[in-house]
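With my numbering applied, the sequence shown covers 1 to 73. Just so it is clear, CB atoms sit at the ideal spot from N, CA and C, and this is done for glycine as well. All values derive from a computational prediction rather than experimental measurement.
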Amino acid sequence: MKNDIHPDYHTIKIVMTDGTEYTTRSTWGSEGDTMHLEIDPNSHPAWTGGNQQLMDRGGRLSKFKKRFEGLGF
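The structure is reproduced here in structure tokens:
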């Protein structure tokens with residue numbers, strides 16, 4: 001194998017949106033850096049099942065609903 005082709009794998013600190021912190025190993029940044037997450041499993045609707053609003057841009061959602069309204073969904 002070639003020497004010096006792998007990225008540096010080191011310890012960093014992750015700070016979630018609610019302020020909780022944990023330490024993990026990553027290739028991001030450098031040793032001892034802190035990554036502040038803007039979206040995490042505590043706040044993102046994909047994980048929390050929150051109330052998502054579907055935006056109807058250009059009538060696409062309306063067209064879809066009209067096309068499949070009789071299928072009983």
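As assigned by DSSP and simplified to three states, the class of residue i
i, result
"residue 65", "helix"
"residue 70", "helix"
Cβ shell of residue i (< 8 Å), same chain only, five flanking positions each side left out
i, result
"residue 37", "14, 15, 16, 17"
Neighbourhood of residue i by C-beta distance below 6 Å, restricted to the same chain and skipping five residues each side
i, result
"residue 10", "31"
"residue 33", "12"
Counterpart residues of residue i in DSSP-defined beta bridges
i, result
"residue 22", "14"
"residue 36", "15"
Chain-order list of residues whose beta-carbon lies under 7 Å from that of residue i (same chain, five-residue window excluded)
i, result
"residue 28", "12, 35"
"residue 42", "16, 17, 18"
"residue 40", "16, 17"
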